[in-house]
Each structure stands twice: as C-alpha cells, then as structure tokens.
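Number of protein chains: 2
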Amino acid sequence: MSKITTRDKLLDITFKEVYIYGYAGSSISNILKIAGIPKGSMYHHFPSKKAMVIAMIKERLTPKVREAFYIQIDDDSRAVDILSFLFKKISKNEMLIKHGCPLHKLMFEMGSLDDEITKLCHQEFIFLIENLAKLIDIGKQKGDIREEDSKSLAKFIIISSWGALSLAPNHSSKEQFLQDTKHILEYIKA
Amino acid sequence: MSKITTRDKLLDITFKEVYIYGYAGSSISNILKIAGIPKGSMYHHFPSKKAMVIAMIKERLTPKVREAFYIQIDDDSRAVDILSFLFKKISKNEMLIKHGCPLHKLMFEMGSLDDEITKLCHQEFIFLIENLAKLIDIGKQKGDIREEDSKSLAKFIIISSWGALSLAPNHSSKEQFLQDTKHILEYIKA
DNA sequence: TTATAATTAGACCGACCAGTCTACTATAAA
DNA sequence: TTTATAGTAGACTGGTCGGTCTAATTATAA
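Structure, rendered in structure tokens:
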C-alpha cells in the first residue's frame, strides 16, 4: 500500500548517482530526470544539492554501510571466525565489490573539500570501528587472539578492507577480495 | 636557463587540480586561470581534457608515485627493515598523508567511468606491486619472513597503505599512518 | 627577405550546472 | 464552501562547463 514518496525516491537515486559518479560528478538534473521528478519538487524538500546529499548520507548510505559491515555472532564465537564470517559476507555484497565502500569513496573525494560532509563521514567511520571492536572483544574472550588494542585492530581491518574494495572494478572480484584479506586473518591467527 | 614550457606548466597544475578536486571536480578553465595560459594554447597541445589528464598521469602522477613507493636498500637488508623504512618514508611525504595516494584516488573515482584511464592506473598499480615484491624477495633471502607469495604480500601492503592514506585529511597524520601500518609490520615479523 | 610551421591568444559556442520563480493541484481542517 | 498548507510542475536565470574558431605572433629554415 505505502507508496514511495518523492523524497524517498530522490534519496534512493541520489545514493546511486553519488556512489557511482561521486559528489562532483553527479548532477541534480540527471537525478531528477531518472526519478521523473521536476525541479520544484526537489527544491521543496531540500534547500540545496549538498543538503540532499547530507540527508542521503544519514538516511541511505549510513544504514547500508552499517548493515554491510555488521554480523550477528554467537556468544561462543572465536575472533578469527567472526572476521572470517565478516569477510565472506562482504565478499557476497556485489555493490561493495564492484564500486567499493560508498562511505570510503565519499570520504576520500570530499576529504579536503567540505568540512560538514567529511565530519559526517568520519563519525560513521568511528562508529564502524567501535562496532567491530566490540565484536572482536567478544571473540577475544575465547582466547584465540593476542592483540590487546581491539580498536586499533578494528581500524586496521576496516582500512585494509576498504583498500581491497577500492581497486578498479574491472579487476576486483569476490575471490580477489577474499584473497587480499586472507593476510588479515593470518595476522589475527598468529 | 631551461624555461618552463606551456605544456609542462599545464601538466604540473593539472596534476594538483585533479589530485585535490578529482577528475570530475577539476575544470579546464580553472587550470588555465591558475596557469595564466589561454585556451587556444592548451588545445594546441592537447585535443581534450581527458587527453591532458592521460598525459599528466604518464608524465607526472606515475613518476611521483613510483618515487614515493620506492626505496633504495642494502643487499643485507631484512624484509622487515625494508618495509619499516618504506612506511617511514611514506609518512614523511606530506602530500600522501594529506590527500592520499593520487593513483589510488584517481583509480577509485574513475573505476567504472572510464576504461582507458582505469587501465592506465591499473597498469601502474601492477608495477608498484611487482617492484615491492622484488624488494621483499631480496629481504626474504635473509630469512626473517615466512610468507611465500611475495606478490600477494606486496599487494596487501600497498592496498593497506592506500587505505590508511585515504582517510579524511583532518584525521590523518604521520603518526596515525605509522600506527595504522604497524599491524602490517607485526604480521611480517610473525 | 620570404615562406612555413609552431605556438599563443582570447572571443565565442551550445550544453549543462545549481538554484529561483511563479503557477497550479491535492489535502484537510474550519 | 472557504481557507491554509504541502507538494507538484516546469520555465527561466546567471554562471560555468568542455570545446571551437580565427587571428596574431613567434620561431625556423630557405
């Protein structure tokens, strides 16, 4: 029953367009053309392109990335298994494999160009790290891991995963990603 | 004596502009304004924006990146020392710390947008991997490393370094980079 | 000097950019 | 039925985009 609102449609398409073409490379006109929505409607809901992108980050990008980098675990999971499971989940996410992590991509592009967007992205980055650190802490109780600082380790894991996902799409694949992140697992095991 | 030619000036400024603003975010008009060069001169040397950027990649970006990711080593260097030295060198490169690896950034942006540029970037990526693998092979002879596949390891090291360098500039620093890559060194030592 | 090519110079073009404006319509409360 | 509000609609604006064009200038060689 619930119909898709103009706002929802705009945010959905803005996510895709900014994800693929970047902030600078995406255009309002094209987003509107795809959505079949006139300009006035968009500028009724958002005061500017930047405002729409910020709403998109909060309401689309952030939830997607949280979901992609999160896994449910049993209480008796070992840290190695948790990470192995996480990598397998990420590798199955075609979006991530093909275009990299949307948070990473936007953060990289906007780094020195816009403080507000950069700050927003960085907050989410911190959230991902802390979330993963919690998972590692749970796994650590099973004693199969020697690393003390879970946050530092979590950061390294996300950074490395992002790196592995950010290669040119022609040359990245599920198998390649798993191969590239294998080193992280071996490091944890050590 | 040798004066800077119009072409050289254009390539220098194009590198900076594309590095900071991205391919889509940079503009010919702005590059010309900064260079103090009229349009006709530029379009005499290059048929298009894309052609100028491709020349810039070959003649500016590639040499800079090769230099940044290369180190001279002694014949009796251990692999761990080689990498430790490399990370220290990278951490001293303010350009890399502030804006990430220009090759990585361009490759990430253009990934699914332009085959020619993507291919060019990827070739250089392969070159970096093979170069680093050679260094690792030399260090491996000293027997302080257990990894068999030097290329896979080299790829992982570059990917992870790129990831660590691609965080928002406000939150990246020499110290942070060394902290983030510390895990790689510990992995090698293991 | 003269002919030829290389380069510099910038006005100009149509397309597209983000954003504004006014008019219209749908909804719902009074 | 009236009035207010939320949302839809798209023509329009000033500015910038990449790229073209012709003319002027400079360098090279005969």
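Chains as they are written, first to last, in our numbering: chain R, 1 to 190; chain P, 1001 to 1190. Beta carbons are placed, not taken as given, at the ideal position from N, Cα and C, and that holds for glycine. Since we're looking at a predicted model, the values are computed, not measured.
Status (buried if at least 16 other CB within 10 Å, exposed otherwise) for R/S27 = Numbered from its first residue, the first sequence carries residue 27 of chain R at position 27. Its Cβ having fewer than 16 others within 10 Å, R/S27 is exposed.
Which runs of the alpha helix (DSSP H) spanning at least 4 residues fall entirely within the stretch 58-128 of chain R, listed in chain order?
-> 62-68, 79-92, 94-99, 102-110
Backbone CA spacing between R/I188 and P/N1170 [nearest angstrom] | For the purposes of this step, residue 188 of chain R is identified with residue 188 of the first sequence, where counting begins at 1. For the purposes of this step, residue 1170 of chain P is identified with residue 170 of the second sequence, where counting begins at 1. About 29 Å.
Please work out which residues of its chain come closer than 7 Å, Cβ to Cβ, to P/T1006, disregarding the five sequence neighbours upstream and downstream, and give them in chain order.
-> The residue given as residue 1006 of chain P occupies position 6 in the second sequence. Once the five neighbours on either side are set aside, the close Cβ partners of P/T1006 are I1037, S1041, H1045.
Would P/G1022 pass as a contact of P/E1109 if the rule is Cβ separation under 7 Å?
-> The residue given as residue 1022 of chain P occupies position 22 in the second sequence. The residue given as residue 1109 of chain P occupies position 109 in the second sequence. Against a cut-off of 7 Å, the Cβ pair of P/E1109 and P/G1022 comes out as a contact.
At least three beta-carbon pairs within less than 8 Å, the stretch 144-159 of chain R to the stretch 1098-1116 of chain P | no
Taking only beta-carbon atoms, is R/F156 less than 7 Å away from chain P?
-> In the first sequence, counting from the first residue as 1, residue 156 of chain R sits at position 156. Judged by the 7 Å Cβ criterion, R/F156 is in contact with chain P.
Would you identify the three-state DSSP class for R/M1, choosing helix, strand or coil?
-> As a working mapping, residue 1 of chain R is identified with position 1 in the first sequence. Residue placement at R/M1 is poorly supported in this model, since its pLDDT is 38, which falls under 50; the coordinates still yield a value, given next. In the structure shown, R/M1 sits in coil (DSSP, three-state: anything other than H, G, I, E or B).
At 7 Å on the CB atoms, spell out the chain R contacts of P/I1020, in chain order.
-> Against the second sequence, residue 1020 of chain P aligns to sequence position 20. In chain order: S112.
Using the beta-carbon of each residue, which ones in chain R are nearer than 7 Å to P/I1159?
-> Residue 1159 of chain P sits at position 159 when you count from the first residue of the second sequence. S160, G163, A164, D180, listed in chain order.
Work out the CA separation of P/F1087 and R/D115 for me, nearest whole Å.
-> Numbered from its first residue, the first sequence carries residue 115 of chain R at position 115. Numbered from its first residue, the second sequence carries residue 1087 of chain P at position 87. Approximately 28 Å, taken between the alpha carbons.
P/S1160 vs R/S160 beta-carbon contact at 7 Å | Locating residue 1160 of chain P in the second sequence gives position 160, counting from the first residue. Locating residue 160 of chain R in the first sequence gives position 160, counting from the first residue. Yes, these two residues count as a Cβ contact at 7 Å.
Which class does R/A24 belong to by DSSP, given the choice of helix, strand or coil?
-> By 1-based counting over the first sequence, the position of residue 24 of chain R is 24. Three-state result, R/A24: helix.
Rounded to a whole number of angstroms, what is the C-alpha to C-alpha distance between R/K49 and R/K64?
-> If you number the first sequence from 1, residue 49 of chain R lands on position 49. If you number the first sequence from 1, residue 64 of chain R lands on position 64. Rounded to the nearest angstrom, the gap between the Cα atoms of R/K49 and R/K64 is 21 Å.
Please report the Cβ distance between P/I1082 and P/I1071, rounded to the nearest whole angstrom; I am assuming they are in contact, meaning their Cβ atoms lie under 8 Å.
-> By one-based count along the second sequence, residue 1082 of chain P stands at place 82. By one-based count along the second sequence, residue 1071 of chain P stands at place 71. The Cβ separation is near 7 Å, so the contact holds.
Classify R/E124 as buried or exposed, calling it buried when 16 or more other Cβ atoms lie within 10 Å of its own Cβ.
-> Residue numbering aside, residue 124 of chain R sits at position 124 when the first sequence is read from its first letter. Counting Cβ neighbours within 10 Å, R/E124 comes out buried, since at least 16 surround it.
For P/K1142, name the three-state secondary structure that DSSP assigns.
-> The residue labelled residue 1142 of chain P in the question sits at position 142 within the second sequence. Reduced to three states, the DSSP call for P/K1142 is coil.
Compare the C-beta of P/K1174 with all C-beta atoms of chain R and state if any pair is closer than 7 Å.
-> Residue numbering aside, residue 1174 of chain P sits at position 174 when the second sequence is read from its first letter. By this cut-off, P/K1174 is not an interface position.
Straight-line CA distance for P/A1168 to R/H122?
-> For the purposes of this step, residue 1168 of chain P is taken as the residue at position 168 of the second sequence. For the purposes of this step, residue 122 of chain R is taken as the residue at position 122 of the first sequence. Each residue's Cα considered, the two are about 7 Å apart.
Go to R/L185, then tell me how far its alpha helix (DSSP H) extends in each direction, as first and last residue.
-> As a first step, residue 185 of chain R is located in the first sequence; it is residue number 185 there, counting from the start. Annotation for R/L185: the continuous alpha helix (DSSP H) segment containing it runs 174-189.
Start and end of the alpha helix (DSSP H) containing P/H1045?
-> Counting from one through the second sequence, the residue named residue 1045 of chain P turns up at place 45. Taken as a continuous stretch (DSSP letters only), the alpha helix (DSSP H) holding P/H1045 covers 1039-1045.
Supposed close pair R/I129, R/I158 - CB separation, criterion 8 Å = Sequence index remark: in the first sequence, residue 129 of chain R carries index 129 (1-based). Sequence index remark: in the first sequence, residue 158 of chain R carries index 158 (1-based). 6 Å between Cβ atoms; contact.
Distance cut-off 6 Å: P/M1042 Cβ against heavy atoms of the ligand GTP | Of ligands this structure carries none, so the ligand GTP is not represented either.
Compare the C-beta of R/F108 against all C-beta atoms of chain P and say whether one is closer than 7 Å.
-> Here residue 108 of chain R refers to the residue found at position 108 when the first sequence is read from its first residue. True, the Cβ-Cβ gap to chain P drops below 7 Å.
Segment limits, alpha helix (DSSP H) that includes R/S166 = Working through the first sequence from its first residue, we reach residue 166 of chain R at position 166. Neither: R/S166 is in no alpha helix (DSSP H) and is coded neither H nor E.
Shortest alpha-carbon distance to R/A24 belongs to which of R/E94, R/K105, R/A35, R/P47?
-> Looking up residue 24 of chain R in the first sequence gives position 24. When each option's Cα is compared against that of R/A24, the closest is R/K105.
Counting contacts by CB-CB distance shorter than 7 Å, is R/G25 in contact with chain P?
-> Counting from 1 along the first sequence, the entry for residue 25 of chain R is found at position 25. Judged by the 7 Å Cβ criterion, R/G25 is in contact with chain P.
Could you give the distance in angstroms between the alpha-carbon of P/I1031 and the alpha-carbon of P/I1013?
-> Locating residue 1031 of chain P in the second sequence gives position 31, where the first residue counts as 1. Locating residue 1013 of chain P in the second sequence gives position 13, where the first residue counts as 1. Spanning the two alpha carbons is a distance of roughly 6 Å.
With burial defined as no fewer than 16 other Cβ atoms inside 10 Å of the residue's Cβ, what is the status of P/A1190: buried or exposed?
-> Working through the second sequence from its first residue, we reach residue 1190 of chain P at position 190. By the Cβ neighbour-count rule, P/A1190 is exposed, with fewer than 16 other Cβ atoms within 10 Å of its own.
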